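Numbering (our numbering), first residue to last: 3 to 420. Note sheet for the following structure.
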Amino acid sequence: MANKMQWINALSINPSLEKAIDEVVDKIKSKLDGNADLGIIFISSAFASDYPRLMPILLDKLPLPCVIGCGGGGIVGMKNDYQPQEIEGNPALSLTVASLPDVEITPFHIIPDDLPDLDSPPSAWCSMIGVEIQKEPNFILLSDPFSAKINELLEGLDFAYPGAVKIGGLASTSTMGVGSGLFYYDGSNSDQLFRTEGTVGIALTGNIQVESIVAQGCRPIGETYQVTKGQRNVILEMSDREGKIDSPLNLLRELINSLSGEDQELAQYALFMGIARDEFKLELGAGDFLIRNLVGVDPKYGAIAVGDKIRTGQRIKFHLRDAKASADDLETLLATYYNNKQSLDQTIGALMFSCLGRGEGLYGKPNFDSQLFLDYVTDIPIAGFFCNGEIGPVAGNTFLHGYTSVFGIFSSKDTVID
């Protein structure tokens with residue numbers, strides 16, 4: 003087939019770096035027709051001491067024109083052609099290789115000093131990335147959790163490329179004291195294949211479509227309130243549906259008293275705030291709220307501090323998170339995606355960026371999110387890692403999330419005929 007897109011994943015759980023690389027390369031070569039255009043690699047932090055050795059060995063065995071990747075506390079890949087596998091805390095290497103004809107791939111490595119001022123015009127951000135707005139790119143972003151200034155980067159990219167899908171995650175480790183790592187090759191930087199700061203990424207333009215599913219893992223409780231007085235990240239007053247204005251703590255107490263005993267217990271340790279992102283949408287449903295942590299209360303004034311900026315007029319709703327809520331949220335989003343998608347024939351692959359707090363520790367069994375995804379979006383490979391923070395859009399803007407699973411779904415725009 004001429005101009006055939008391919009998206010191939012290979013996973014190894016061999017504890018030897020050399021043998022793991024040999025295994026994934028052999029699997030890739032056995033399936034790849036022609037030349038690859040892109041490599042995406044996720045490697046367990048169990049290999050942290052070997053991070054600087056990874057890329058030279060890999061590129062020697064499988065020459066690739068462009069590679070991005072990072073280390074993770076857990077790794078996702080394909081156990082076989084049909085089954086995903088999530089490896090948490092143990093050695094694992096997941097390599098995805100893609101052949102993308104008629105797709106332009108622009109790699110970049112950004113350190114904080116590269117970021118334009120947030121008052122800069124869109125052209126400054128476009129110059130940094132190297133892609134014009136008119137090309138309508140989509141992005142994969144992998145960042146160091148400590149040095150990337152990720153919120154400023156996401157805000158700037160949303161400003162410059164407002165219609166672009168931006169997905170990714172912050173590199174992570176499974177052990178305290180182990181450094182994270184980024185991997186980057188753009189065809190010329192053979193002496194800087196391992197990075198420890200900033201963000202590595204790619205912009206994809208041309209014959210490729212990127213869609214996202216952001217499962218924040220919560221279910222709403224109670225009614226929707228409106229902030230009537232707030233300052234920075236603190237809600238001082240809010241009103242209920244009847245217009246009664248009270249302190250948020252008083253309204254929260256009323257809500258908790260109305261819950262079942264099970265939910266009251268859950269609210270003691272798994273209560274979150276959902277902030278509506280669309281000011282004009284009348285009926286708010288799943289995916290319309292950005293979930294944020296409650297970071298503190300002031301019993302004297304009845305104020306509640308939230309892990310995000312708050313402004314007067316915003317609508318908020320309290321949420322609970324547990325394994326069932328997380329599973330139901332993801333299944334609802336996947337069912338909606340499946341039912342709204344006219345055809346999955348052109349879908350070639352997917353990436354998964356999941357919080358370290360999900361996985362087997364949340365669900366009590368392995369491979370839950372990845373397998374549920376493939377139950378709906380079938381017959382494609384999925385790869386990814388467990389992150390220190392997940393990057394994905396909610397209601398048209400891109401955010402850094404926690405406790406979330408973000409899926410990127412890749413497909414060609416054009417129909418390929420045999």
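For glycine and all other residues, C-beta sits at the position ideal for the given N, C-alpha and C. Remember, it's a predicted structure, so these values are computed and weren't measured experimentally.
| Check | Outcome |
| --- | --- |
| Check this for me: beta carbons of Arg279 and Ala162, under 9 Å apart or not? | no |
| Per DSSP, which residues does Ile77 bridge with? Please list them. | Ile89 and Phe387 |
| Where does Gly363 fall in DSSP's three states? | helix |
| List the endpoints of the continuous alpha helix (DSSP H) containing Lys29. | Leu19 to Lys33 |
| Excluding five sequence neighbours on each side, which residues of the same chain lie with their C-beta closer than 6 Å to the C-beta of Ala22? | Ser14, Asn16 and Leu95 |
| For a test of the three-state rule: what should DSSP assign to Asp420, helix, strand or coil? | Residue placement at Asp420 is poorly supported in this model, since its pLDDT is 38, which falls under 50; the coordinates are not used for a value here. |
| Who are the near neighbours of Ile312 in its chain, counting only those whose CB is closer than 8 Å to its CB and skipping five residues on each side? | Val229, Gly232, Gln233, Arg234, Asn235, Val236, Ile237 and Ile277 |
| What separation, rounded to the nearest whole angstrom, lies between the Cα atoms of Val133 and Asp116? | 15 Å |
| Kindly indicate which three-state DSSP category Thr400 falls into: helix, strand or coil? | strand |
| Residue range of the alpha helix (DSSP H) that Glu333 falls in? | Ala325 to Asn342 |
| Taking one C-beta from the segment 376–385 and one from the segment 315–327 each time, how about it: are there three or more such pairs within less than 8 Å? | no |
| CB Leu97 to CB Asp39, shorter than 9 Å? | no |
| Can you list, in chain order, the residues of its chain with a C-beta nearer than 8 Å to that of Ala272? Leave out the 5 residues immediately preceding and following it. | Leu322, Arg323 and Asp324 |
| From Lys415 to Gly203, what does the alpha carbon distance come to, in whole angstroms? | 22 Å |
| Secondary structure at Asn37, three-state DSSP: helix, strand or coil? | coil |
| Does the beta-carbon of Val308 have 16 or more other beta-carbons within 10 angstroms, so that it is buried, or is it exposed? | buried |
| Please report the distance separating the alpha-carbon of Ala305 from that of Gly315. | 16 Å |
| Relative to the alpha-carbon of Leu336, which residue among Val212, Pro139 and Leu374 has its alpha-carbon at the smallest distance? | Leu374 |
| Is the CB-CB distance between Ser176 and Gly75 below 9 Å? | yes |
| Give the secondary structure of Ala94 by DSSP, where H, G and I count as helix, E and B as strand, and everything else as coil. | coil |
| Starting from Ile169, follow the beta strand (DSSP E) in both directions and report where the run begins and ends. | Lys168 to Leu172 |
| Hey, Pro11 and Pro301: beta-carbon distance below 9 Å or not? | With the sequence shown as reference, residue 11 is identified as Asn, and Pro is not the correct amino acid for it. Cβ distance not < 9 Å, so Asn11 and Pro301 don't count as in contact. |
| Looking only at its chain, what residues have a beta carbon closer than 6 Å to the beta carbon of Pro109, apart from the 5 residues adjacent to it on each side? | Cys68, Asp188 and Ile204 |
| I'd like to check one pair, Asp265 with Ile223: are the Cβ atoms closer than 9 Å? | yes |
| Cutting at 8 Å between CB atoms, please list the residues of its own chain near Ile135, excluding the five before and the five after it. | Pro124, Cys128, Ala162 and Tyr163 |
| State buried or exposed for Leu19, treating a residue as buried only when at least 16 other CB atoms are found within 10 Å of its CB. | buried |
| List the endpoints of the continuous alpha helix (DSSP H) containing Met240. | Where Met240 is concerned, there is no enclosing alpha helix (DSSP H), although the beta strand (DSSP E) it sits in stretches over Val236 to Ser241. |
| Report yes if the C-beta distance between Ile30 and Val78 is below 9 Å; otherwise report no. | no |
| Once the 5 residues before and after Gly386 are set aside, which same chain residues still bring their CB inside 6 Å of it? | Val78, Leu353, Met354 and Phe355 |
| Are the Cβ atoms of Gly289 and Val408 separated by less than 9 Å? | no |
| Just mark Phe432 as buried or exposed, buried being the case when its beta carbon has 16 or more other beta carbons within 10 Å. | Absent from the model: residue 432. The displayed extent of the chain is 3 to 420, so no value can be given. |
| Terminal residues of the continuous alpha helix (DSSP H) containing Ile210? | First-last for Ile210: undefined, no H or E at that position. |
| From the DSSP output, read off the bridge partner residues of Lys319. | Gly276 |
| Does the distance from the C-beta atom of Ala48 to that of Pro93 stay below 9 Å? | yes |
| Could you tell me the alpha carbon to alpha carbon distance between Glu225 and Phe401, rounded to whole angstroms? | 24 Å |
| Beta-carbon separation of Lys81 and Pro395 under 9 Å? | no |
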